[in-house]
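Note sheet for the following structure.
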Amino acid sequence: MTTEHRYAGGCLCGAVRWSATGAPLYQGFCCCADCRKASGSGFVPFMGFPAAVVTITGETLKVRSPTFKGGIALRNACPTCGGLVFGGEVGVDASHTIYAGSLDDATQFAPTMALFLRDKPAWVALPEGLATFETMPD
Ligand SMILES: [Zn+2]
Ligand SMILES: [Zn+2]
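Take full-length UniProt numbering: the final residue in the sequence shown is number 138, and no numbers are missing along the way.
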């Protein structure tokens, strides 16, 4: 008998909800300056899932910004409470980045990497043992 991992979360007020099944493709911290500004924090904790296993409900406020690799990053926040919930465009992108702070059960987050250490403020202390990257892995 296999255990299917289930993840669920949403914004502060509950208007935007998500769920996902299976193991995350990757999970860690993004310390880029854009994530810092978007979140008002030192970093964004993220979990990547294939779009096919993610279900999202609720309208979002869509915030677009240029990415390191020259594309456009779309961050989705709740239009009511402002909570930052996930990245990527529903129905368009092949995967979604879920902001792990939106988990209902925060203990499910198991980070393995940290991105954009070049932008990380000295006051952000990361856990030991992460794979770290000055920007992003290739
Ligand atoms: Zn909300
Ligand atoms: Zn970032």
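For every residue, glycine included, the Cβ atom is placed at its ideal position computed from N, Cα and C.
ASP93 Cβ short of 7 Å to ligand 2 heavy atom set: no
Beta-carbon contacts of ALA38 that lie in its chain and below 6 Å, excluding the five residues immediately before and after: ARG75
Pairwise C-alpha distance: GLY71 and TRP18: 25 Å
Cα-Cα separation, PRO127 to GLY10: 25 Å
Option in VAL124, TRP123, PRO121, MET113 with minimal Cα separation from THR132: Looking at the Cα atoms, MET113 is the closest of the given residues.
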